[in-house]
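Below, the structure written as structure tokens:
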């Protein structure tokens with residue numbers, strides 16, 4: 224029983240750290256985009272504006288919890304909750320450090336892929352329940368995009384599974400003690416990263432939202448706390464994809480020896496994640512959004528063959544004993 | 006697949022864009038952090054409207070109504086009175102700054118350089134009614150632009166102390182009946 228209590232405590236702490244972190248990411252993102260656009264970004268609330276997210280939260284809590292009368296009330300309310308929960312669930316299998324991590328699931332990688340697939344329901348249901356054309360178009364785009372990019376997201380990590388021989392994320396990290404998998408799985412990493420951006424609906428693949436064409440896409444009709452939940456899901460998604468990239472290809476909490484003893488493993492893990500998050504933000508500032516047919520064409524005709532090729536070559540090298 | 010899309014599929018232009026953006030980490034922000042730092046406003050910036058006086062300290066405005074006519078949003082209201090000394094002036098002069106778009110047409114229309122726009126844009130009020138400026142709010146003590154100009158010194162209108170033909174660059178009036186050959 225005490226063991227279970229400890230587990231619950233661990234889960235609570237992880238959630239209590241993840242959600243404020245997602246909120247802080249909003250500020251980090253706005254600040255970074257500001258700097259890259261020769262502006263300052265939000266720098267008024269608190270030192271350097273760090274309390275901006277807190278101010279935004281207070282504002283969003285003060286808003287009316289409005290459900291449009293033409294919407295499907297139950298599904299409309301459910302959709303953002305599904306999104307946030309699916310992403311939070313995925314964090315259950317992420318090994319944060321040698322002793323921190325909610326679950327040591329032996330199919331952790333599959334669990335992550337499953338949760339990423341389930342998260343699309345949030346967007347699709349939101350688009351459907353909103354009963355408005357922009358939201359519906361956004362939801363449809365999200366469905367098509369996620370289904371296409373899911374395929375080679377799964378295929379891209381199979382190279383990792385081939386080389387480490389396990390679906391357990393903790394063992395995948397430990398298998399990288401001698402060298403990170405990015406060395407042999409660069410193509411796999413590249414495909415995973417692109418699929419991950421598409422999966423978390425971040426620019427340049429934010430077609431389900433696409434402010435310039437669809438107002439706000441699937442969350443056009445949302446406001447207040449439900450909108451905040453969508454945002455929470457999005458920023459947690461960014462963190463999750465970064466965490467997964469680090470775990471699968473960049474050795475998780477592991478670092479080469481002189482560096483590893485400087486900081487605790489958890490901190491190394493967080494630093495690596497932050498690098499990825501900043502890279503995601505850089506992508507958002509610099510790249511334009513493709514047309515939707517270009518997006519799907521790119522997925523099916525470039526990334527999918529590339530992922531298959533990567534898997535094939537990895538398997539061949541593995542069989543012949545090169546890797 | 007033409008050459009361009011081949012290049013794009015290699016993500017070269019994308020990588021170049023990202024590099025260009027990253028370089029901006031080290032450039033200075035263009036932002037003027039307003040309440041602490043003030044932006045430079047040119048001397049002829051079109052901001053708050055004032056009514057000026059000539060160098061003698063008299064009001065320049067003769068209440069001719071040209072500014073009110075020129076005003077595209079009709080935010081100027083005024084009424085002319087003629088004083089005992091022959092000077093014309095505005096009985097009241099009212100500008101509603103909640104309507105004013107600071108276009109400067111009134112300044113262009115003004116024949117006596119009385120109405121002028123100044124480089125002051127801090128007009129915010131909590132109460133909308135406070136944005137209606139009366140004549141005593143608009144009048145300033147200086148001449149603003151064109152410091153030497155004085156309407157009654159230039160024009161042929163007779164006022165107390167200055168008869169017909171006594172203005173600058175003006176010849177005495179000619180008795181047209183005395184011009185007969």
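Residue numbers (my numbering), protein chains in the order written: chain A, 224 to 546; chain B, 6 to 186.
C-beta: ideal position from N, C-alpha, C; glycine also.
Cutoff 8 Å: residue i Cβ touching any chain B Cβ
i: residue 425 (chain A); result: no
i: residue 305 (chain A); result: no
i: residue 302 (chain A); result: no
i: residue 530 (chain A); result: no
DSSP-derived helix/strand/coil call for residue i
i: residue 516 (chain A); result: helix
i: residue 175 (chain B); result: coil
i: residue 97 (chain B); result: strand
i: residue 196 (chain A); result: The structure shown does not extend to residue 196 (chain A), since chain A is modelled only from 224 to 546, so the question has no answer here.
i: residue 87 (chain B); result: strand
i: residue 144 (chain B); result: strand
i: residue 121 (chain B); result: strand
i: residue 54 (chain B); result: strand
i: residue 464 (chain A); result: helix
i: residue 45 (chain B); result: coil
i: residue 131 (chain B); result: coil
i: residue 169 (chain B); result: coil
i: residue 154 (chain B); result: coil
i: residue 445 (chain A); result: coil
i: residue 538 (chain A); result: helix
i: residue 82 (chain B); result: strand
i: residue 164 (chain B); result: strand
i: residue 325 (chain A); result: coil
i: residue 64 (chain B); result: strand
i: residue 554 (chain A); result: Residue 554 (chain A) falls outside the range modelled here, since chain A spans only 224 to 546, and no answer is possible.
i: residue 39 (chain B); result: coil
i: residue 298 (chain A); result: helix
i: residue 273 (chain A); result: coil
i: residue 126 (chain B); result: coil
Closer than 8 Å to chain A by CB, residue i
i: residue 22 (chain B); result: yes
i: residue 19 (chain B); result: yes
i: residue 6 (chain B); result: Confidence in residue 6 (chain B) is poor, its pLDDT being 47 and thus under 50, which makes the residue's placement unreliable; the coordinate value appears in the next sentence. Cβ-Cβ to chain A under 8 Å: no for residue 6 (chain B).
i: residue 175 (chain B); result: no
i: residue 172 (chain B); result: no
i: residue 166 (chain B); result: no
Beta carbon of residue i nearer than 8 Å to that of residue j
i: residue 140 (chain B); j: residue 56 (chain B); result: yes
i: residue 352 (chain A); j: residue 423 (chain A); result: no
i: residue 426 (chain A); j: residue 505 (chain A); result: no
i: residue 100 (chain B); j: residue 138 (chain B); result: yes
i: residue 128 (chain B); j: residue 136 (chain B); result: yes
i: residue 396 (chain A); j: residue 476 (chain A); result: yes
i: residue 48 (chain B); j: residue 148 (chain B); result: no
i: residue 485 (chain A); j: residue 26 (chain B); result: no
i: residue 253 (chain A); j: residue 386 (chain A); result: no
i: residue 469 (chain A); j: residue 499 (chain A); result: yes
i: residue 324 (chain A); j: residue 267 (chain A); result: no
i: residue 248 (chain A); j: residue 435 (chain A); result: no
i: residue 157 (chain B); j: residue 118 (chain B); result: no
i: residue 333 (chain A); j: residue 404 (chain A); result: no
i: residue 447 (chain A); j: residue 391 (chain A); result: no
i: residue 460 (chain A); j: residue 316 (chain A); result: no
i: residue 82 (chain B); j: residue 73 (chain B); result: yes
Cβ-heavy atom distance, residue i to the ligand NAP, below 7 Å
i: residue 163 (chain B); result: Annotation note on the ligand NAP: not contained in the displayed structure, which lists no ligands.
**OP:** Could you list the residues in the stretch 24-48 of chain B with a C-beta less than 8 Å from some C-beta on chain A, going in chain order?
**Re:** 25, 26, 27, 29, 30, 32, 33, 34, 35, 36, 38
**OP:** Using a Cβ-Cβ cut-off of less than 8 Å, list which residues of the stretch 503-514 of chain A approach chain B; keep chain order.
**Re:** 505, 506, 508, 509, 510
Subject >> Sufficient close CB pairs (3 or more, under 8 Å) joining the stretch 440-452 of chain A to the stretch 372-384 of chain A >> reply: No contact exists between the stretch 440-452 of chain A and the stretch 372-384 of chain A.
Subject >> Interfacial residues, the stretch 248-264 of chain A to chain B, with Cβ spacing under 8 Å >> reply: For the stretch 248-264 of chain A, which is checked against every Cβ of chain B, the residues closer than 8 Å are 257, 258, 259, 260, 261, 262, 263.
Original post:
Is the stretch 19-34 of chain B close to the stretch 46-62 of chain B, with three or more CB pairs under 8 Å?
Top reply: no
Original post:
Should the stretch 345-356 of chain A be called in touch with the stretch 406-419 of chain A, which here means at least 3 C-beta pairs below 8 Å?
Top reply: no
Original post:
Do the stretch 358-377 of chain A and the stretch 515-524 of chain A make contact, defined as three or more Cβ pairs closer than 8 Å?
Top reply: yes
**OP:** Take every Cβ of the stretch 74-87 of chain B, pair it with every Cβ of the stretch 102-120 of chain B, and state whether three or more of those distances are shorter than 8 Å.
**Re:** Yes, they touch.
Subject >> the stretch 40-47 of chain B / the stretch 82-101 of chain B touching (three or more Cβ pairs under 8 Å) >> reply: no
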